[in-house]
Amino acid sequence: MKTIFQRIIDREIPAKIAHEDERCIAIHDVNPQAPVHVLVIPKSPIARVGAATADDSSTLGHLLLTAAAVAKKLGLAESGFRLVINNGQDGGETVPHLHVHLLGGRPLAWPPG
Ligand code: 5GP
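Residue numbers for the sequence shown, in this note's numbering: 73 to 185.
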């Protein structure tokens, strides 16, 4: 069964797209936790970072570089931003399709909850 993100990638359900290329899509989160909350999602169906293999190294690097580029595009380069990857139950993962959260637009507390 397809995840919600696979359905967005396949254009079966809509999303507000911040960036797309041949390897990933970046969409605005439907339930934003900050003024900017974008999800950078690989088009290849990696479940989570803990399930990635050495074959995914290039994709993983691409996700981080894309997240930084989207942060810059959305005006966060100077003020700063945070990238988060939730992995598994205790990590807060709810969608089993790898995604990098890009958060910014306000000061973010540390440590996270
Ligand atoms: P996770 O909890 O797995 O790290 O993050 C999943 C994220 O996906 C959550 O922040 C949630 O708000 C977001 N999300 C879930 N369903 C949708 C959807 O249909 N569209 C968009 N744009 N975001 C979604």
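Ideal Cβ placement from N, Cα and C applies to all residues, glycine included.
Requested in this report: Measuring alpha carbon to alpha carbon, tell me which of Pro-104, Lys-74, Glu-92 ends up nearest Ala-141.
Outcome: The closest CA to that of Ala-141, considering only Pro-104, Lys-74, Glu-92, is found on Glu-92.
Query raised in the report: In chain order, which continuous runs of the alpha helix (DSSP H) of length 4 or greater are located wholly inside the stretch 132-184?
Result: The qualifying runs are 160-163.
Report task. Please go through the same chain and pick out, in chain order, the residues whose beta-carbon is closer than 7 Å to the beta-carbon of Val-112, but skip the five residues on each side of it. Result -> Cβ neighbours of Val-112 beyond the five flanking positions: Cys-96, Ala-98, Leu-135, Thr-138, Ala-139, Val-142, His-171, Val-172, Leu-174.
Requested in this report: Look at the alpha carbon of Ile-118 and the alpha carbon of Ser-129, and state the distance between them as a whole number of angstroms.
Outcome: Each residue's Cα considered, the two are about 11 Å apart.
Query raised in the report: Quick one, which of Gly-176, Glu-84, Leu-132, Asp-162 has its alpha-carbon nearest Leu-148's?
Result: The residue with the shortest Cα to Cα distance from Leu-148 is Gly-176.
Query raised in the report: ligand 1 heavy atoms versus the CB of Gly-164: any closer than 7 Å?
Result: Result yes, Cβ under 7 Å from ligand 1.
Query raised in the report: Taking only runs of the beta strand (DSSP E) that begin and end inside the stretch 74-101, which ones reach a length of at least 3 residues, in chain order?
Result: With a minimum length of 3 residues, the continuous beta strand (DSSP E) runs that stay inside the stretch 74-101 are 89-92, 96-100.
Query raised in the report: When the Cα of Asn-158 is compared with those of Glu-150, Gly-122, Trp-182, Phe-77, which residue comes out closest?
Result: Among Glu-150, Gly-122, Trp-182, Phe-77, the Cα nearest to that of Asn-158 belongs to Gly-122.
Query raised in the report: When the Cα of Gly-152 is compared with those of Thr-75, Ala-106, Ala-87, which residue comes out closest?
Result: Residue Ala-106 is the option with its Cα nearest to Gly-152.
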